[in-house]
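Undergrad: In UniProt numbering, the protein residues as written are 1 to 356.
Note that CB positions come from ideal geometry on N, CA and C, so glycine has one too.
Sharing a structure here in structure tokens format.
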């Protein structure tokens, strides 16, 4: 009965009753089913005078709850700065000590204060050299920055640092998109050696697609040579466009030629309601004549397609050649689609560049 009474008295902050129960022999270290001692109760509830009293009677200020939560963390949970300062004066650690069992899921005092959005306690703990980048391994390496992002906490907490004005975050990985856009071949090569080049980014876009859009020829060639940054014919998730299509739209003739050398398929169709190919897009782009020739030749070399039909040309000398050609121009193949490359449109494109 004395044990239960002392815990209640400590939690309620009844100083005279706490002192009376201690003198009557109540244990300072006995805990309830959750591992909470009278000292931990007082810390959680913010009773600074009770905390000091229990410590003076020999209570263990370094005790932990059943889940490994420290007295400092419990005080932070209640946003009791005065108790936090008192515990620090009692030499209670601001960071948890390594433990095989208890601290695998227990948050640090700083993480608790961060979660409670208590700027004052966060600042105090930072001044006491608290380890602000502690990760909970059993929770997939959860730290304060990830916690703040998940909970959408105020930006001020993400930048809190009372000694330097700016919170120095751990070094972040450089965004490969920025590297490609700036044409930094050395940094890109370093990422490849470190194995940090992803094959797919947001919305199914690949690093190779970024290189194609930005016209970064050397970056694209580096990616193609080592087979990194996504397969050459990969399609993004929105329109189903390939790197070749992006290069055509951007009017990057040299990029188109490079991709074709690495066997990019110009017959691949978009995933839109009315599909289109790279050659369809080329009709309206600013790629040069030589590039257009190579695109047409590669389109022919790839052979027929179920979606676009088989290219058929009337044999020379045939009496019906002109009528056959006229029929092709007027009546599209039953397997063709609106806006697609038909034999007639391909012939027209080739004629426009003087190939036929």
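Does DSSP put residue 27 in a helix, in a strand, or in coil?
TA: Residue numbering aside, residue 27 sits at position 27 when the chain shown is read from its first letter. Coil.
Undergrad: So residue 46 and residue 78 are in contact, right, with Cβ under 8 angstroms, and what is the actual spacing, rounded?
TA: By 1-based counting over the chain shown, the position of residue 46 is 46. By 1-based counting over the chain shown, the position of residue 78 is 78. Contact holds; Cβ gap of about 5 angstroms.
Undergrad: Along the alpha helix (DSSP H) that carries residue 265, what are the first and last residues, could you check?
TA: In the chain shown, counting from the first residue as 1, residue 265 sits at position 265. First-last for residue 265: undefined, no H or E at that position.
Undergrad: Going by CA-CA distance only, name the one from 24, 25, 40, 23 that's closest to residue 31.
TA: Taking the first residue of the chain shown as 1, we reach residue 31 at position 31. Of the listed residues, the one whose Cα sits closest to residue 31 is 40.
Undergrad: Residue 90 by DSSP, collapsed to three states: which one?
TA: Reading the chain shown from its first residue, position 90 is the one you call residue 90. Residue 90: coil per DSSP, three-state reduction.
Undergrad: Give me, in chain order, the residues of the same chain whose beta-carbon lies closer than 8 angstroms to that of residue 302; leave out the 5 immediate sequence neighbours on both sides.
TA: For this step, residue 302 is matched to residue 302 along the chain shown. The answer, listed in chain order, is 265, 266, 267.
Undergrad: Give me, in chain order, the residues of the same chain whose beta-carbon lies closer than 6 angstroms to that of residue 315; leave out the 5 immediate sequence neighbours on both sides.
TA: Within the chain shown, residue 315 is the residue found at index 315, counting from 1. Since pLDDT at residue 315 reaches only 34, below the 50 mark, its modelled position is unreliable, and the value read off the structure follows with that caveat. Answer for residue 315: no residue qualifies.
Undergrad: Spatial neighbours of residue 73 within its chain, please: C-beta separation below 6 angstroms, excluding the five flanking residues on both sides.
TA: Translated into the one-based positions of the chain shown, residue 73 becomes position 73. Within the same chain, residue 73 has close Cβ partners 109, 112.
Undergrad: Going by DSSP, what residue range makes up the alpha helix (DSSP H) through residue 360?
TA: Since the first residue of the chain shown is 1 and the last is 356, residue 360 is not available in this structure.
Undergrad: At the level of alpha carbons, what is the spacing between residue 181 and residue 228?
TA: Start at 1 with the first residue of the chain shown, and residue 181 comes out as number 181. Start at 1 with the first residue of the chain shown, and residue 228 comes out as number 228. Their Cα atoms are separated by approximately 17 angstroms.
Undergrad: Is the beta carbon of residue 206 sitting closer than 7 angstroms to the one on residue 230?
TA: On the chain shown, residue 206 is found 206 positions in, with the first residue counted as 1. On the chain shown, residue 230 is found 230 positions in, with the first residue counted as 1. Yes, the pair counts as a contact, with Cβ atoms nearer than the cut-off.
Undergrad: Check residue 176 in the structure and name its three-state DSSP category.
TA: By one-based count along the chain shown, residue 176 stands at place 176. Helix, per DSSP.
Undergrad: According to the neighbour-count rule (16 or more other Cβ atoms, all chains shown, within 10 Å of its Cβ), is residue 89 buried or exposed?
TA: As a working note, residue 89 is residue 89 in the chain shown. Exposed: under 16 other Cβ atoms inside 10 Å.
Undergrad: For residue 69 and residue 75, which I take to be in contact (beta-carbon distance under 8 angstroms), what is that distance rounded to the nearest angstrom?
TA: Counting from one through the chain shown, the residue named residue 69 turns up at place 69. Counting from one through the chain shown, the residue named residue 75 turns up at place 75. In fact, because the Cβ distance is near 11 angstroms, the residues do not count as touching under 8 angstroms.
Undergrad: What does residue 70 pair with, by DSSP beta-bridge criteria?
TA: Along the chain shown, one-based indexing puts residue 70 at 70. In the DSSP output, where bridge partners are listed per residue, residue 70 has 64.
Undergrad: Following the continuous alpha helix (DSSP H) through residue 207, name the residue where it begins and the one where it ends.
TA: Counted from its first residue, the chain shown places residue 207 at position 207. Residue 207 -> alpha helix (DSSP H) spans 207-214.
Undergrad: Mind pulling the alpha helix (DSSP H) runs of 4 or more residues that sit fully within the region 187-248?
TA: Correct list: 207-214, 217-226.
Undergrad: Where residue 94 and residue 183 are concerned, what is the direct C-alpha to C-alpha distance, given to the nearest angstrom?
TA: Sequence index remark: in the chain shown, residue 94 carries index 94 (1-based). Sequence index remark: in the chain shown, residue 183 carries index 183 (1-based). Cα-Cα distance, rounded: 45 angstroms.
Undergrad: State buried or exposed for residue 107, treating a residue as buried only when at least 16 other CB atoms are found within 10 Å of its CB.
TA: If you number the chain shown from 1, residue 107 lands on position 107. So residue 107 ends up on the buried side.
Undergrad: Within 7 angstroms of any Cβ in chain D, is that where the Cβ of residue 107 sits?
TA: Among the chains of the structure shown, chain D does not appear; only one protein chain is present.
Undergrad: Where does residue 105 fall in DSSP's three states?
TA: Within the chain shown, numbered from 1, the residue matching residue 105 stands at position 105. Coil at residue 105, not helix or strand.
Undergrad: Taking Cβ to Cβ, would you say residue 81 is nearer than 7 angstroms to residue 121?
TA: As a first step, residue 81 is located in the chain shown; it is residue number 81 there, counting from the start. As a first step, residue 121 is located in the chain shown; it is residue number 121 there, counting from the start. Contact flag set, yes.
Undergrad: Could you name the residues that DSSP lists as bridge partners for residue 142?
TA: Along the chain shown, one-based indexing puts residue 142 at 142. Note: residue 142 sits in a beta bridge opposite 136.
Undergrad: Do residue 219 and residue 244 come within 7 angstroms of each other at the CB atom, strictly closer than that value?
TA: Numbered from its first residue, the chain shown carries residue 244 at position 244. Numbered from its first residue, the chain shown carries residue 219 at position 219. Cβ distance not < 7 angstroms, so residue 244 and residue 219 don't count as in contact.
Undergrad: So, under 8 angstroms CB-CB, residue 55 and residue 10 are touching, yes? Tell me the CB distance rounded to an integer number of Å.
TA: Along the chain shown, read from residue 1 onward, the residue named residue 55 stands at position 55. Along the chain shown, read from residue 1 onward, the residue named residue 10 stands at position 10. 12 angstroms between Cβ atoms; not a contact.
Undergrad: Locate the alpha helix (DSSP H) running through residue 56, then write down its first and last residues.
TA: Taking the first residue of the chain shown as 1, we reach residue 56 at position 56. Note, residue 56: alpha helix (DSSP H), 48-56.
Undergrad: Does residue 29 pass the burial test, meaning 16 or more other C-beta atoms within 10 Å, or should it be called exposed?
TA: If you number the chain shown from 1, residue 29 lands on position 29. Under this definition residue 29 is an exposed residue.
Undergrad: With DSSP run on the structure shown, which of helix, strand or coil describes residue 95?
TA: Here the question's residue 95 lines up with position 95 in the chain shown. Reduced to three states, the DSSP call for residue 95 is coil.
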